[in-house]
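Here full-length UniProt numbering is used: the sequence shown runs in plain steps of one and ends on residue 323.
By construction, the Cβ of each residue, glycine as well, lies at the ideal position given by its N, Cα and C atoms.
Comments concern the structure below.
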Amino acid sequence: MPRRSTAIGLITVYCLLLICLFLSWMRLLHVIWTNPGLIPLGDPNIEKQDTSVRYFDKYSAYISDYEGRPQFCDKCHNYKPDRSHHCRELNRCVRRMDHYCPWAGGIISETTHKFFIQFVFYGALWTLFLLIPTSYYLAERMRIVGDKPSTWIACVALSAIFVVFTGTMFFMTTWNVSINYSTVETVQRGGINNITMLTTRSHRDRRSSRASTTRASTTREKPNVLREVVRDGREYVVFQTQPFDHPWDLGNKANLQSVMGERVIDWFIPLKMSPCVRHEDSMGEFAWSDAVLDMARDWEKDNPGRRIRLVSEWRERSGRSGR
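Right, dumping it as structure tokens:
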């Protein structure tokens, strides 16, 4: 007996999921082709020491080497912004590189990470929707008619394979985003980072600063300072983080919002770019975690009359927001 209403419902949901999958894939390919997040190549004839670091002067803190200079790529002959990595397949440095995915059409970076997650999410939903009704009606047909169409069996098998593949990819990628790691960074998880911070001179009462330093020194671990450097008349301090200190962990919700969007509806619509691509904050290319801010604040307590500009900006914004 025909089940017309059931058929209409199944076909409608199938088409809607297929449209969502297609649109997310098209958006992913569009950004991969037009804005993949590649770092410009430098001049191979210019030495590393002579390459301009002016780009980093606008930030209060950045990832660096132990000498306080930004990380340098010898293959691209240019300095790398924070969280950039060299892609072997493209032979270029990529902003916040996650991985190279030939199945999706290219590099997954800070510009495409959101759309890749949406693509595998809708892919998992679509194949799951194929798997469940087909399995149900195949079992019903076998029970009533005793027939096992090979095309139905193939559909169930392929759907099951792709549900596992896309579902696993979705949950792994979403979990990494929730803890603010890219796939490349998870390999280095637990390592240390060198962070160079711009310092300024303060006119505050040094006596009160020394008193607070004495009280705090009995209960806290002093930050690991590699060196202090002066470049172009600006003073910097080079810190080294402790193992497993995450420089960009903002909490699960804020981590997800930095990639997927500040509104929940943006998490499902493949349209707006990720907030993390803006790089408009003078505090750094990416928002710093409490571990980094605590390290800078502890250094200030040990150095009366000196201030970390990163902490000063944080205090100013916290005061405006009433935190």
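Per DSSP, cross-strand counterpart(s) of residue 338: Past the boundaries of the shown model lies residue 338; the chain is included only from 1 to 323, so the question cannot be answered.
Where Cys-93 falls: helix, strand or coil (DSSP): strand
Pick out whichever of Ser-282, Cys-101, Ser-258 and Ser-150 has its Cα sitting closest to the Cα of Met-273. Ser-258
Range covered by the alpha helix (DSSP H) that runs through Gly-191: Note, Gly-191: premise wrong, no alpha helix (DSSP H); not H, not E.
When Thr-134, Tyr-100, Arg-227 and Arg-189 are compared against residue 345, the one with the closest alpha-carbon: No statement about residue 345 is possible, as the shown extent of the chain runs from 1 to 323 and does not include it.
Pair within 8 Å by beta-carbon distance, Pro-247 and Trp-299: no
Going by DSSP, what residue range makes up the beta strand (DSSP E) through Leu-125? Segment 113-144 is the alpha helix (DSSP H) holding Leu-125; no beta strand (DSSP E) there.
Got a sec? Which residues, its chain only, sit under 8 Å from Phe-116 by beta carbon, not counting five neighbours each side? Leu-28, Asp-98, Cys-101, Ala-104, Ile-108 and Thr-173
Quick check on the DSSP output: the beta strand (DSSP E) that includes Arg-3 runs from which residue to which? Here Arg-3 belongs to no beta strand (DSSP E), and DSSP marks it neither H nor E.
Phe-239: which of Ala-61, Gly-167 and Val-187 sits nearest, CA to CA? Ala-61
On a Cα-Cα basis, can you pick out the residue from Thr-196, Lys-75 and Met-260 that is closest to residue 406? No answer is possible for residue 406: it lies beyond the span of the chain, which begins at 1 and ends at 323.
Is it the case that the Cβ atoms of Thr-241 and Asn-193 are separated by a distance below 8 Å? yes
For the alpha helix (DSSP H) containing Glu-300, name the first residue and the last one. 290-302
DSSP state of Phe-72 mapped onto helix, strand, coil: strand
Simplified DSSP state of Ser-150, which is helix, strand or coil: helix
Phe-170 classed as buried or exposed, judged by whether at least 16 other C-beta atoms fall within 10 angstroms: buried
Are there three or more Cβ pairs, one per stretch, closer than 8 Å when the stretch 42-49 is compared with the stretch 68-87? yes
The alpha helix (DSSP H) with Leu-256 in it runs from where to where? 252-260
Mind checking whether Thr-199 and Val-225 have CB atoms under 8 Å apart? no
Here's the rule I'm using: 16 or more other beta-carbon atoms within 10 Å means buried, otherwise exposed. How should Ser-208 be labelled? Note that Ser-208 scores a pLDDT of 43, beneath 50, so its modelled location is shaky; the value from the coordinates is reported in the next line. With fewer than 16 Cβ atoms within 10 Å of its Cβ, Ser-208 is classed as exposed.
Considering only their Cβ atoms, is the gap separating Trp-126 from Leu-21 smaller than 8 Å? yes
Helix, strand or coil at Ser-312 [DSSP, three-state]: helix
With 16 as the cutoff for other CB atoms within 10 Å, does Arg-3 come out buried or exposed? exposed
Between Asn-303 and Val-229, what straight-line distance do the alpha-carbon atoms span, to the nearest angstrom? 15 Å
Length of the line joining the Cα atoms of Val-53 and Tyr-59: 11 Å
What number of angstroms, rounded off, separates the C-alpha of Cys-93 from the C-alpha of Arg-227? 28 Å
May I have the straight-line CA-CA distance separating Leu-310 from Leu-41, to the nearest angstrom? 29 Å
Residues in the same chain with beta-carbon distance under 6 Å from Phe-56, minus the five sequence neighbours each way, listed in chain order, please. Tyr-62 and Pro-70
According to DSSP, simplified to helix, strand and coil, what is Tyr-14? helix
Hey, quick one: how far does the beta strand (DSSP E) through Leu-226 stretch, first residue to last? 224-231
By Cβ distance, which residues of its chain are closer than 7 Å to Val-13, with the 5 residues on each side in sequence left out? Phe-129
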